[in-house]
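Asks: My questions all concern the structure below.
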Amino acid sequence: MHLKHILSISFLAVMFKMMSAQAADIKSIGVPYVQNYTKAVYQSGNQNWSVSKDERGVLYFGNAEGLLSFDGRYWQLYKMPNRLIVRAVAADGKGKVYVGGFGELGYWAYDNHGIFRYYSLVNLIPAKDKPNDEIWKIYTDGGRIIFQSFAAIYSYEHGKMQVIRAGSPFLFLLKAGNRFFAEVIGKGLFELKGTSLSFIRGSELLGNSGVLSILPDNTGFIIGTAKNGLFLYDGTSIRPWKTQADSFLRTYQLNNGTVVLDKYFAFGTILNGIIIIDRQGNVVQRINKESGLQNNTVLSLFTDNGQNIWAGLDNGVDRIEANSSLYYYFDKTGRFGTVYSSIIYKNNIYLGTNQGLFYSAINPGQQSLFQSFDFRLIENSQGQVWDLSLLDGQLFCGHNNGTYKVTGNSITRISDVNGGWVIKKLYLHPDLLIQGTYNGLVIYKKDKAGSWIFSHKVAGFNQPSRYVEQDSKGQIWVGHAYKGIFKLTLNEDFSRVKSVKYYDEHYGLPGSYNINIFSLEGRIVFSSDAGFYVYDEINDRFYPYTSLNRKLGSFASSNKIIPATPRKYWFINHGKVALADIGNPGKFSMDSVRFSMLENRMVQYYENISRINNSLYLISVDDGFVIFNASDTGEQKLQLPAVLIRKIENTTGRNTLISENGAGDRLRNIRFAENNIRIQYALPYYRQSTVKYQYFLEGYSQQWSEWSSQSQKEFTNLGRGNYVFKVRAKVNDSILSGISTVAFTILPPWYATVWAWLAYLVLIVVLLLVFRRVYYAKLHQHQQEIQRKLIIEQEEYLKREAILNEQKIMHLKNEQLQADLASKNREIANSAMNIASKNELLHKIKNELHNIKAESKGKLSDNELRKIHKVIDEGLNDKRDWNLFEKSFNEAHENFFKKLKAGHPDLVPNDLKLCAYLRMNMSSKEIASLLNITVRGVEIRRYRLRKKLNLEHDKNLVEFLIEL
């Protein structure tokens, strides 16, 4: 058994020697990574007739709809005049991209504004020699550009065009190193030397199928024909070259070729993709639609300086990473489902999938180095395969239905315990195997023949056991399939569990779910989303493994650890893969760059990587496997190109183009009205990787931005001034590019230009003059206003004085009137008193006469007495006294009687007299004397007067008359 295992390992070492011998070798097992760019991606025509790359790293494709460019991020189509197909393209490395189509040749270049424009060279060709067919090939030769059509070769140098003809049509002009060869149909192969053609002797041996490729080799040239195979030309003679690809190239029709890694030759065919051979003629790779190409018709091949092979296809563009350290095998048909585990064992490669166990032989007897596979399902293996493990030269298959031992193309069940997740040797008892299953642990031992056989199922523990490890004290740690971990103590013969302790977040773990167990440099570690933990037995708690977590960085949250070589381990962080060297103190290193293409392509939580030899690993992915060559470090030594600053657009309103290459005079005078700027940038790095960008706008930003996968940035409302935009890239969070810059200027707004300031100055002067004039006019007007107001105030003052004087006069007059009224009242009163006195006197006289008559006893005659009485009565009733009183009273009391009569027309003269006397506030006695009646009569009259005046009972009669 051991001898067979040694022979198997020896065979594998021979089998993979081409993969591990040199860093820059093309591997012969699997296929290199093929990246497809479909028509839907680049949004242009199907066919891509030629490929070239300029000095900045931008790729150009001669496309069915025009010139197609690609900078690693953005595709851009430039249409030719009359929408011509571009059949040939060549970048001269000096900023010009030469193109050719039907009846047209010229170049594309950036103008002074940074806009990519086409310049035709047809006008330099004499009318009789102007092309009237397709331009099929374009090459640069120092300062000379060579265009080739079927009819002629055109040599463009120093602004002049020379025409070279051969008398018969050319097939294709081909460049090999610094030499040019062209087949003249019906005449043979010629070499173009300057502007003349030199026939190559012996070229008739090539036949008439057409020379479509000539590649330089150490000893001469390799000539490829369409259907007659390959030939070698050493400079003097031509001879056939029989290779392993001979039949393939004859059958599928060679169409073009390119040199890869300076020691391989890739040939594109019309019918079956690409084949790659080495200098010995061995086939090392075959890539077609079945293994990743979009189309089997290869119209053009080009190898860039990163050793990517670019294939212009009849339908699309593909990139092939020829020198990748990862080579792939994918199940394009879906025949074997999802791959959970893979391993190489005894000339076979095994794939454990969700549909069963598949195998394919690695044929040591085949002549070709290129290994093809024919996977077949092993009989009775149908179902979920979880694990493939090689222990002491014996291959175990952990299956849903139990555990099997694999021999060649057959399996033998050695355990019927369902769900063999993991199987390994016990750390302190390497003569025993322990296996974690759906419902507990299983122990295996060796029989007398040295074969591992089922021993027993461990009693006392039936939990799903996804991970199993034994520590240095013999305790068994079991990771539950879903939640928590267990520490088991088994009895001496491992037949049953003596004690079980369950651990979760209550013991220091960050949680209960997805806690996995691994052995790392002899120490048990526990993985979680929060980082790795270790167990402290003294405190019976878990603590973060700080030193390891700090070294791992983002991979501290890895969900799986897989041993690689001593001191090296694979860390799987939820789909991301890294290979770390942790053994040497102070020399920790970790590589994740080369594995970016594996991201999210492995079955999560069931990631599997098996070691083939010291430098080769077999990695299981969803739909196949990947071969990794650890000795290939070429990728890590690559220097990143500079970040390209591409389109700069004004996004104010409708988007308008400012520059297409981050240069041009338009950047020096961007109008302020167009101060919303979008800048696109790209890293012309074409390998599959994660590219992030960081930018800084000097004059606007305070610091560099956060890293982001966004490849454009928009700045809005930029102020006037000078700006410098800086950008750099980082690949796979490790390799940093240099800084690319572009300077631009935002002009001041129209109101802040020099002319505007001059206008402002003139306007200020004019405004000052106007202001001065207006000021003086206002001042004059103000003075006039003040004068007018002064006059008005004086007039008002005089008016007020006049009014005051009038008021004083009126006051004096009123006082005089009051005095006059008082005087009148006194006069009236005196008059009234005089009348009253007179009447009183007359009454006394009358009374005395009566007394005298009585005393005289008839001495006075009655006639005489009557005469005297008559005189007295006339004196008492003399109206002249009343008339005079009335006149004076009216003068003093403003027509008192008229007012009274107007309001009370039924008043009689005696009523008026009574009213006048009452107004003068005379007593009843005085009134009685004046009216020649008794006091009682006065009271009666007062009563009657109240009734005529309709006075209220409580209204004073005198007050009423005074108020009237």
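Per my numbering, the sequence shown runs over residues 73 to 1036. For each residue, glycine too, the CB sits at the ideal point set by N, CA and C. Note that the structure is predicted; figures quoted are calculated from it, not measured.
Give a yes or no on whether the C-beta atoms belonging to Phe590 and Ile548 are separated by under 7 Å.
Replies: Against the sequence shown, residue 590 aligns to sequence position 518. Against the sequence shown, residue 548 aligns to sequence position 476. No, the Cβ-Cβ distance between Phe590 and Ile548 is not below 7 Å.
Asks: State the DSSP-derived secondary structure class of Gln119, mapped to helix, strand or coil.
Replies: Sequence index remark: in the sequence shown, residue 119 carries index 47 (1-based). Reduced to three states, the DSSP call for Gln119 is coil.
Asks: Applying the criterion that 16 or more other CB atoms from any shown protein chain within 10 Å of the CB defines a buried residue, is Phe153 buried or exposed?
Replies: Residue mapping note: residue 153 aligns to position 81 of the sequence shown, counting from 1. As written in the sequence, residue 153 is Pro, which differs from the Phe given in the question. That one is exposed.
Asks: With Asp390 and Tyr109 assumed to form a contact (beta carbons below 8 Å), what rounded beta-carbon distance in angstroms separates them?
Replies: By 1-based counting over the sequence shown, the position of residue 390 is 318. By 1-based counting over the sequence shown, the position of residue 109 is 37. Going by Cβ atoms, the distance from Asp390 to Tyr109 rounds to 7 Å, so yes, they are a contact pair.
Asks: Nearest CA to the CA of Ser682: which residue from Leu835, Phe697 and Leu670?
Replies: Here residue 682 corresponds to residue number 610 of the sequence shown, with the count starting at 1. Checking every option, the nearest Cα to that of Ser682 belongs to Phe697.
Asks: How do the segment 614 to 623 and the segment 638 to 645 stand: do at least 3 beta-carbon pairs fall below 8 Å, yes or no?
Replies: Segments in contact, no.
Asks: Below 8 Å on the Cβ atoms is my guess for Leu712 versus Tyr753; work out the distance and round it to an integer in Å.
Replies: Here residue 712 is taken as the residue at index 640 of the sequence shown, counted from 1. Here residue 753 is taken as the residue at index 681 of the sequence shown, counted from 1. With 8 Å as the limit, Leu712 and Tyr753 do not qualify as a contact, their Cβ atoms being about 13 Å apart.
Asks: What three-state label does DSSP hand Ser363 in the structure shown?
Replies: For the purposes of this step, residue 363 is taken as the residue at position 291 of the sequence shown. Ser363: helix per DSSP, three-state reduction.
Asks: Does DSSP put Asn935 in a helix, in a strand, or in coil?
Replies: Translated into positions along the sequence shown, residue 935 becomes position 863. In this structure, Asn935 counts as helix in the three-state DSSP scheme.
Asks: Helix, strand or coil: which one does DSSP assign to Val675?
Replies: Numbered from 1 along the sequence shown, position 603 holds the residue referred to as residue 675. If DSSP states are grouped into helix, strand and coil, Val675 belongs with coil.
Asks: With distance defined between alpha-carbon atoms, name the residue in Trp147, His922, Gln115 and Asp97 nearest to Leu755.
Replies: The sequence position of residue 755 within the sequence shown is 683, counting from 1. When only C-alpha atoms are compared, the closest one is Trp147.
Asks: Using the rule of at least 16 other Cβ atoms within 10 Å of the residue's Cβ for burial, across every protein chain shown, is Thr1006 buried or exposed?
Replies: Taking the sequence shown and counting its residues from 1, the one referred to as residue 1006 is at position 934. With fewer than 16 Cβ atoms within 10 Å of its Cβ, Thr1006 is classed as exposed.
Asks: Buried or exposed for Arg666, please, with buried defined as at least 16 other CB atoms from any protein chain shown within 10 angstroms of its CB.
Replies: Residue 666 sits at position 594 when you count from the first residue of the sequence shown. Classification of Arg666: buried, given that the 10 Å Cβ count is 16 or more.
Asks: Since I believe Leu513 is in contact with Ile506 (beta carbons under 8 Å), could you give me their beta-carbon distance rounded to a whole number of angstroms?
Replies: The residue given as residue 506 occupies position 434 in the sequence shown. The residue given as residue 513 occupies position 441 in the sequence shown. Contact holds; Cβ gap of about 6 Å.
Asks: Helix, strand or coil for Leu1002, going by three-state DSSP, please let me know.
Replies: Reading the sequence shown from its first residue, position 930 is the one you call residue 1002. It is helical.
Asks: I'd like the list of long-range same chain contacts for Lys335, defined as Cβ closer than 8 Å, with 5 residues on each side in sequence excluded.
Replies: Here residue 335 refers to the residue found at position 263 of the sequence shown. Within the same chain, Lys335 has close Cβ partners Asp350 and Arg351.
Asks: Just checking: is the beta-carbon of Arg159 within a distance shorter than 7 Å of some beta-carbon in chain D?
Replies: Protein chains in the displayed structure number just one, and chain D is not present.
Asks: For Met1037, does the three-state DSSP call read helix, strand or coil?
Replies: With the chain running from 73 to 1036 in the structure shown, residue 1037 is simply not present.
Asks: Report all residues from its chain with a CB closer than 8 Å to the CB of Glu593; omit the five preceding and five following residues, and keep chain order.
Replies: As a first step, residue 593 is located in the sequence shown; it is residue number 521 there, counting from the start. If we look at Glu593 and ignore the five residues flanking it on each side, its Cβ neighbours are Arg639, Ile654 and Gly655.
Asks: What ranges does the alpha helix (DSSP H) occupy inside the segment 265 to 336, keeping only unbroken runs of at least 4 residues that lie completely in it?
Replies: Listed in chain order, they are 318 to 324.
Asks: Rank Ile257, Ser783, Leu149 and Ile751 by C-alpha distance to the C-alpha of Asn722 and give the top, closest one.
Replies: Residue numbering aside, residue 722 sits at position 650 when the sequence shown is read from its first letter. Residue Ile751 is the option with its Cα nearest to Asn722.
Asks: Evaluate Glu38 with the Cβ neighbour count: other Cβ atoms within 10 Å of its Cβ, from every protein chain shown; 16 or more gives buried, anything less gives exposed.
Replies: Since the first residue shown for the chain is 73 and the last is 1036, residue 38 is missing from the structure and cannot be characterised.
Asks: Return the first residue and the last residue of the beta strand (DSSP E) that Leu972 is part of.
Replies: Mapped onto the sequence shown, residue 972 falls at position 900. Where Leu972 is concerned, there is no enclosing beta strand (DSSP E), although the alpha helix (DSSP H) it sits in stretches over Phe968 to Gly975.
Asks: Excluding the five sequence neighbours on either side, which residues of its own chain have a C-beta within less than 8 Å of the C-beta of Pro241, listed in chain order?
Replies: As a first step, residue 241 must be located in the sequence shown, where it is residue number 169. Excluding positions up to five away in sequence, the list reads Phe222, Ala223, Val256 and Ile257.
Asks: Our contact map puts Ser275 next to Ile310 with C-beta atoms below 8 Å; I'd like the distance itself, whole angstroms only.
Replies: In the sequence shown, the residue the question calls residue 275 occupies position 203. In the sequence shown, the residue the question calls residue 310 occupies position 238. Contact holds; Cβ gap of about 6 Å.
Asks: Of the choices His941, Lys785, Leu984 and Glu927, whose alpha-carbon is the least far from that of Lys918?
Replies: In the sequence shown, residue 918 corresponds to position 846, counting from 1. It is His941.
Asks: Please classify Lys24: is it buried, with 16 or more other beta-carbons within 10 angstroms of its beta-carbon, or exposed?
Replies: The chain is shown only over 73 to 1036; residue 24 falls outside these bounds and no answer can be derived.
Asks: Which same chain residues end up closer than 6 Å to Ala815 when comparing Cβ atoms and leaving out the 5 residues on each side of it in sequence?
Replies: Numbered from 1 along the sequence shown, position 743 holds the residue referred to as residue 815. For Ala815, where only same-chain residues beyond five positions count, the Cβ hits under 6 Å are Val796.
Asks: Can you name the start and end residues of the beta strand (DSSP E) that Ser692 belongs to?
Replies: The sequence position of residue 692 within the sequence shown is 620, counting from 1. Per DSSP, Ser692 belongs to the beta strand (DSSP E) from Leu688 to Val693.
Asks: Can you pull the DSSP bridge partners for Tyr105?
Replies: Counting from 1 along the sequence shown, the entry for residue 105 is found at position 33. According to DSSP, Tyr105 bridges with nothing at all.
Asks: Exposed or buried, what is Asp1026 when buried is set at 16 or more other beta-carbons lying within 10 Å of its beta-carbon?
Replies: Start at 1 with the first residue of the sequence shown, and residue 1026 comes out as number 954. Classification for Asp1026: exposed.
Asks: Among Leu1036, Arg485, Asp612 and Thr813, whose alpha-carbon lies nearest the alpha-carbon of Lys971?
Replies: The residue given as residue 971 occupies position 899 in the sequence shown. Measuring from the Cα of Lys971, the nearest candidate turns out to be Leu1036.
Asks: Hey, out of Gly214, Val169 and Arg159, whose CA is closest to Gln51's CA?
Replies: This structure does not reach residue 51, given that the chain is present from 73 up to 1036, and the question cannot be answered.
Asks: Give the secondary structure of Asn877 by DSSP, where H, G and I count as helix, E and B as strand, and everything else as coil.
Replies: Residue 877 sits at position 805 when you count from the first residue of the sequence shown. Three-state DSSP puts Asn877 in a helix.
Asks: DSSP three-state label for Met233, please.
Replies: Position 161 of the sequence shown, counted from the first residue, corresponds to residue 233. Three-state DSSP puts Met233 in a strand.
Asks: If you draw a straight line from the alpha carbon of Pro820 to that of Glu732, how long is it in whole angstroms?
Replies: For the purposes of this step, residue 820 is taken as the residue at position 748 of the sequence shown. For the purposes of this step, residue 732 is taken as the residue at position 660 of the sequence shown. In a straight line, the C-alpha of Pro820 is about 24 Å away from that of Glu732.
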